[in-house]
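Keeping their order, the protein sequence lines are chains A and B.
Its first residue numbered 249, the first sequence is counted upward by one per residue in the working numbering.
Its first residue numbered 41, the second sequence is counted upward by one per residue in the working numbering.
No residue lacks a Cβ here, since even glycine has one placed at the ideal position from N, Cα and C.
The structure appears right after this line, and notes come after that.
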Amino acid sequence: MNPSEILKQARELERAMPEGALKLALISTFTTEFLRPYLIVSGNASGLGMHPWCGPFGQLEQMVMQNSALWEKNPQAIWIALRIQDVDPSLGVRSDILGAGEVRKRLEAIVGRLLSLAKGVRERSSATLLVSNLELAEVLLARPFEASHGDGLPYLLADANRALALGLADIPDAHVFDWAGVVGAVGCRAFHDPKLWHTAKAPVAPAALPVLAASLVRSLIAVLRPAAKCLVLDLDNTLWGGVLGDDGPEGIKIGGGYPGNVFLEFQEALLGYRDRGFLLAIASKNNPGLVEEALTTHPDMRLRKEHFAKICANWEPKHLSLQAIATDLNVGLDSLVFIDDNPVERAQVREALPQVRVLDLPSDPLGYLEALQNFPFLDRPRVLEDDAKRATMYLENQGRAALQAQTTSLEDYLVQLDMVAEVGLASPATLERIHQLIHKTNQFNLTTRRHKLEEVRRMAQDPGSRVAWLRLADRFGDMGLVCVGILQRVEPEVWEIDTFLMSCRVMGRGVEEAFLAYLAELALGGGGGTLRGLFAATAKNTPVQMFYPTHGFSPAGGSQDGCECYEKPLGKAQFPWPEAITRKQH
Amino acid sequence: MHTLECRVERVVADVFGLDSTSVTQSTSADQVENWDSVNIVHLVMALEAEFQTSISPDEAADFLSVQLITEVLREKGLA
């Protein structure tokens, strides 16, 4: 689109932008005004409405560290963009006369400044924070041998950027925005426009503005919205070249020379996504026996049977397979990404299941990898340990399902699972996972209060609150943290359950009874006489609307902010711990 | 619709958010409230993209009315 078309579309979008759309503040050492319309248009293309506000340039501390227009705006997301070229213009060009030691010192000062600003933001608000990292690409264009020296600028910059990443990791909900990466992706010459810079202090070339905007939007989506959970893959001409039914397992193209090596690279990339906690599944119109053979016996196949959480190989319409996958893996349809080379299949799925995200693969397999890399819904700002183990956990789950088929009663099944529940109160080590569950859990979530990490931390330290967790293991493995509960003492003898949530993977085992028992214990220990439960209905939590009545709570009348209230007296034997679960105190 | 004048008028309308039917060659800076430095930069970017040309800061200094813009571009041989 031409700049004038972008402006026109941005103007129309802004006029119709809902009031509740994301308030984004841009705080920078250069003019960001020209980025605004591109942000609005790019955001809209990815389903992210926003009200971008550009702070006056070159006034970072003035905006952040005191009452200012920034805080009057009360943004939900802030981008701090500082360029070395703006704050220390001679650092790059004169680095030789300054010497590595002095350059290092000045870079440290810049990073220190960015971290102070980040802390300053965090002290005043819980807004999500993106902080650009540093680059001197233009300077380096003229110095190809700078990389030959161990203390050359590229390495000093890398050290500074690493220090920035490490420093931001300690600040809740603060992330590096890889500005250096965007410049690299666009190419230094294409990214900068000397005329625009010298006349308007706008460093980004018009043709690079859409790329920068798309990158920012992508980062915002990743930190504000839950990522997709499962990639559902077609097989023929998606994961390998050729048609399995026609060519047989020996005839499909995977590995070796062209084009098999193109598909191999694609498979390897998908394995990378699995490493980051995404599940892989298959929805293929194929003979299941042949599929199993291809996945297990082909010598060059990178993705094997065990990498897939579920394989649907049948002749049904694909949307039925997608529904089966969502049900079996206990995820929402909107957590699925459908990847299929056939545009007809993609259209059918789009029509039948509009919540499923569909990746548009180009007709040439050489473009598959790029299409996957550009898809904005597959980013994980922080990879938590549980994420990396998730795919293995699903394998273990299959073991559990097999056990269920063998036992005769639910009680037997539960006992044979050898469940051990560890309970405890939030600590720095568990805080991130607790926060992740607070944001991801939709079904078994009584109040769906999406507390920010900072709020959870505060409540964990408040003597009138308790932030509790439960971790479950059984004979097939450790499932990690599966329950989160937040209690608040709202009256001298009344403890209220602000948050009670549980991961769907452990439904139907009595774990919620165990956790309720633990919360009751905490409330009793805090001098409580009554436990109050709240329920706020959402589109997704209907399965738990009777949770409190089922557990002996009586309606307590009156609703606060649309929540139904229930109460039950605390005391011995009111909240029994289920027998099938062994308890381990943290 | 493809004459130089028409194309310039359309770009000006889009950049400044004006109704395309109300923009003529005589539309000028003192008539348009948001004919400011930020939008002039947007205008330059838009004209450069539309006409696949480069507009120098000196040329942009003359951008005070649609007619003047059209003349600058005509002088660049874009008619």
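Taking only beta-carbon positions, decide if residue i is within less than 8 Å of chain A.
{"i": "B:His-82", "result": "yes"}
{"i": "B:Glu-90", "result": "yes"}
{"i": "B:Val-112", "result": "no"}
{"i": "B:Asp-69", "result": "Looking at the sequence shown, residue 69 of chain B is not Asp but Ala. It does not: the Cβ of B:Ala-69 has no partner Cβ on chain A nearer than 8 Å."}
{"i": "B:Ala-86", "result": "yes"}
{"i": "B:Val-13", "result": "Nothing about residue 13 of chain B can be read from this structure; chain B reaches only from 41 to 119."}
{"i": "B:Gly-57", "result": "yes"}
{"i": "B:Val-48", "result": "no"}
Cβ closer than 7 Å: which chain B residues qualify as neighbours of residue i?
{"i": "A:Thr-447", "result": "Pro-97"}
Start and end of the alpha helix (DSSP H) containing residue i?
{"i": "A:Asp-809", "result": "From DSSP, A:Asp-809 is part of no alpha helix (DSSP H); its letter is neither H nor E."}
{"i": "A:Ile-530", "result": "Note, A:Ile-530: premise wrong, no alpha helix (DSSP H); beta strand (DSSP E) at 527 to 533."}
{"i": "A:Cys-436", "result": "436 to 439"}
{"i": "B:Thr-64", "result": "Neither: B:Thr-64 is in no alpha helix (DSSP H) and is coded neither H nor E."}
{"i": "B:Gln-107", "result": "106 to 115"}
{"i": "A:Lys-256", "result": "251 to 264"}
{"i": "A:Leu-389", "result": "385 to 389"}
Does DSSP put residue i in a helix, in a strand, or in coil?
{"i": "A:Thr-277", "result": "coil"}
{"i": "B:Glu-73", "result": "coil"}
{"i": "A:Ile-587", "result": "strand"}
{"i": "A:Thr-830", "result": "strand"}
{"i": "B:Pro-97", "result": "helix"}
{"i": "A:Thr-747", "result": "strand"}
{"i": "A:Ser-463", "result": "helix"}
{"i": "A:Val-579", "result": "coil"}
{"i": "A:Ser-922", "result": "Nothing can be reported for residue 922 of chain A, as the shown portion of chain A is limited to 249 through 834."}
{"i": "A:Gln-571", "result": "helix"}
{"i": "A:Asp-710", "result": "coil"}
{"i": "A:Pro-803", "result": "strand"}
{"i": "A:Val-792", "result": "helix"}
{"i": "A:Arg-780", "result": "strand"}
{"i": "A:Ile-328", "result": "strand"}
{"i": "A:Met-727", "result": "strand"}
{"i": "A:Val-606", "result": "strand"}
{"i": "A:Trp-846", "result": "Any answer about residue 846 of chain A is impossible in this case: the structure gives chain A only from 249 up to 834."}
{"i": "A:Ile-345", "result": "helix"}
{"i": "A:Leu-487", "result": "coil"}
{"i": "A:Tyr-814", "result": "strand"}
Rounded to whole angstroms, what's the CA-CA distance from residue i to residue j? Just pull it up for me.
{"i": "A:Leu-538", "j": "A:Gly-489", "result": "15 Å"}
{"i": "A:Ser-343", "j": "A:Leu-362", "result": "21 Å"}
{"i": "A:Met-667", "j": "A:Arg-598", "result": "41 Å"}
{"i": "A:Gly-810", "j": "B:Cys-46", "result": "57 Å"}
{"i": "A:Gly-360", "j": "A:Trp-427", "result": "18 Å"}
{"i": "A:Leu-330", "j": "B:Glu-99", "result": "31 Å"}
{"i": "A:Arg-698", "j": "A:Asp-482", "result": "35 Å"}
{"i": "A:Ser-802", "j": "A:Ile-358", "result": "58 Å"}
{"i": "A:Phe-393", "j": "A:Ala-438", "result": "22 Å"}
{"i": "A:Gln-664", "j": "A:Met-755", "result": "16 Å"}
{"i": "B:Val-72", "j": "B:Glu-88", "result": "21 Å"}
{"i": "A:Cys-436", "j": "A:Glu-386", "result": "6 Å"}
{"i": "A:His-683", "j": "A:Ala-765", "result": "22 Å"}
Going by DSSP, what residue range makes up the beta strand (DSSP E) through residue i?
{"i": "A:Cys-478", "result": "478 to 481"}
{"i": "A:Ile-500", "result": "Taken as a continuous stretch (DSSP letters only), A:Ile-500 belongs to no beta strand (DSSP E), as it is neither H nor E."}
{"i": "A:Cys-302", "result": "298 to 302"}
{"i": "A:Met-311", "result": "Counting along the chain, A:Met-311 falls outside any beta strand (DSSP E), though it belongs to the alpha helix (DSSP H) covering 308 to 312."}
{"i": "A:Ile-559", "result": "556 to 562"}
{"i": "A:Val-668", "result": "667 to 673"}
{"i": "A:Ala-422", "result": "422 to 425"}
For chain B, check one thing: does any of its Cβ atoms lie closer than 8 Å to the Cβ of residue i?
{"i": "A:Arg-259", "result": "yes"}
{"i": "A:Glu-281", "result": "yes"}
{"i": "A:Ala-674", "result": "no"}
{"i": "A:Lys-443", "result": "yes"}
Which residues in chain A sit within 7 Å of residue i, going by Cβ to Cβ distance?
{"i": "B:Asp-54", "result": "Ser-252, Glu-253, Leu-255, Lys-256"}
{"i": "B:Val-51", "result": "Ser-252"}
{"i": "B:Val-78", "result": "Glu-281"}
I want to verify the contact list: residues of chain B whose CB lies under 8 Å from the CB of residue i, in sequence order.
{"i": "A:Pro-454", "result": "Met-85, Glu-88, Ala-89"}
{"i": "A:Ala-450", "result": "Val-81"}
Between residue i and the ligand ZN, is the CB less than 7 Å from at least one heavy atom?
{"i": "A:Phe-795", "result": "Although the ligand ZN was asked about, the structure shown includes no ligands whatsoever."}
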